[in-house]
Amino acid sequence: MKLGYLFMFISALLICSCKKEVIVEIEKKYSWEPSPMFLYEKKIQTTSFANDEVMYSLGINTFSTIRANPDNPDELAAVHSHLYFNYPIERKMPLSAEILVGMETTSLGFYSTRFPFPDGGVNFSMKSIDPLFASFYTPYYSLGTCFGLNELNQCLVPYHIYDTTYAASNTIKYEPSFYFFNLISGFPNLLVERVDTLSCVKINKEDNWGGVIAINAVGKNFFVTCSNKTVRINDEAVPEMSFDGILYRIFEYNNVLYGLSINNLFRSSDNGLNWISVQTIDPDLVNLNFQTIDGKLTGFFKSQLFYFDLTPEGFIAVQEMLNDGIEDDEITSITQFRDRVFVTTFSGVFEKNLEDFFTFKE
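In terms of my numbering, the sequence shown opens at residue 32 and continues consecutively.
Here it is, written out as structure tokens:
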């Protein structure tokens with residue numbers, strides 16, 4: 032019995048002395064990495080804008096300014112400002128180098144990107160300019176911005192009005208109305224940069240356009256895609272017929288204006304007043320948002336990224352780019368700033384070097 036106990040004791044010692052195999056888990060490296068400048072509540076970003084000097088990004092209630100460190104141009108730094116209004120996540124607000132647009136239930140505001148606070152802009156009730164105002168009419172974010180903002184700092188705002196032909200005071204007209212705002216940014220004689228309105232005018236509609244599907248601002252013009260037609264509104268607030276049908280996407284690439292219907296690619300040589308059919312396309316292309324990165328045409332839908340070889344004769348090639356690291360995210364914008372590319376999503380901001388951006392799936 033004593034030998035039996037001794038055997039069991041020695042066996043236990045041997046078992047205890049055996050080294051357990053250590054399994055080292057190696058974290059997978061993704062090509063898209065989370066940006067350290069956007070953490071916690073700042074992860075949710077709805078749109079972005081960049082030029083050679085600065086990048087702006089708009090969150091639910093935050094406005095971020097990203098610049099290069101003067102002492103180290105390769106290093107970027109972000110300043111986050113808290114906005115006093117909240118943006119609905121299902122809407123994409125327009126954003127430019129100078130103008131930030133704010134919206135609440137019945138009020139509208141225009142603010143300077145250099146000073147995104149109440150003193151940096153103007154805010155007013157839409158009922159003060161149109162007593163019949165009922166609500167804003169905003170296309171869904173995947174179809175583009177809910178308001179138009181062109182290169183001349185002019186803003187096009189669609190909204191519903193109450194229908195006075197009915198006895199019920201809460202009856203709303205389906206077809207929207209539009210207001211056109213001329214904005215000015217600067218005022219160097221003041222202590223802060225601010226935005227103000229020079230003028231505003233209601234768009235004169237002589238016929239039925241139908242419901243708004245999308246608003247595309249290209250150059251100084253606005254293209255309003257409606258259920259009955261596509262209308263161009265120029266910088267003098269004059270509406271003109273652009274296309275007798277629906278152009279879901281209108282964008283400029285290499286100084287050529289393109290439009291996408293459900294199954295055709297069109298090209299215009301007169302700033303969108305006349306179009307010629309170029310090519311039959313896959314209907315799924317109308318779901319993409321297009322953006323030029325490093326002089327090349329890209330597009331995104333959900334978490335997918337695409338590169339397009341596009342000429343005036345049509346699409347020559349389409350390639351899907353690597354999206355590892357953002358496969359489960361919903362992209363809201365793509366922006367090139369300096370030597371990096373940023374992707375904003377509803378769950379984080381991701382970045383990669385520009386030289387690694389155009390890498391493709393096998």
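Quick reminder that beta carbons are idealized off the backbone N, C-alpha and C, glycines included.
Express the C-alpha separation of I357 and T342 in angstroms, rounding to a whole number.
Whole-angstrom Cα-Cα distance: 29 Å.
State buried or exposed for M272, treating a residue as buried only when at least 16 other CB atoms are found within 10 Å of its CB.
Answer is exposed; the Cβ neighbour count stays below 16.
Tell me whether P147, by its Cβ, gets closer than 7 Å to a heavy atom of the ligand SAM.
Absence of the ligand SAM from the depicted structure is noted, as is the absence of any ligand whatsoever, leaving it without description.
Based on DSSP bridge pairs, tell me the residues matched to Y87.
Answer is F80 and T96.
Judging by CA-CA distance, which residue of V309, F321, N354 and K383 is the nearest neighbour of S334?
Out of V309, F321, N354 and K383, N354 has the C-alpha closest to the C-alpha of S334.
If we ignore side chains and look at the alpha-carbon of each, how far apart do P170 and P104 end up?
The alpha-carbon atoms of P170 and P104 are separated by roughly 39 Å.
Does the stretch 78 to 87 come close enough to the stretch 358 to 378 to have 3 or more Cβ pairs within less than 8 Å?
Yes, they touch.
If you measure between the beta carbons of R298 and L291, is that distance less than 8 Å?
No, these two residues do not count as a Cβ contact at 8 Å.
Can you tell me where the beta strand (DSSP E) holding K383 begins and where it ends?
V380 to N384 is the span of the beta strand (DSSP E), which, as asked, contains K383.
Can you tell me whether S156 is helix, strand or coil according to DSSP?
Note: S156 maps to strand in three-state DSSP.
I need the boundaries of the beta strand (DSSP E) containing K327, first residue and last residue.
Here the beta strand (DSSP E) through K327 covers K327 to F332.
I think F274 touches T261, with their Cβ atoms under 8 Å apart; what is that distance to the nearest whole Å?
That pair is a contact at about 4 Å.
Rounding to the nearest angstrom, what Cα-Cα distance links S378 and L187 in this structure?
Straight-line Cα distance between these residues: approximately 29 Å.
Is DSSP giving K260 helix, strand or coil here?
Correct three-state label for K260: coil.
Between the alpha carbons of I97 and E206, how many angstroms are there, rounded?
Between I97 and E206, the C-alpha separation is close to 39 Å.
L183: buried (16+ other C-beta within 10 angstroms of its C-beta) or exposed?
So L183 counts as exposed.
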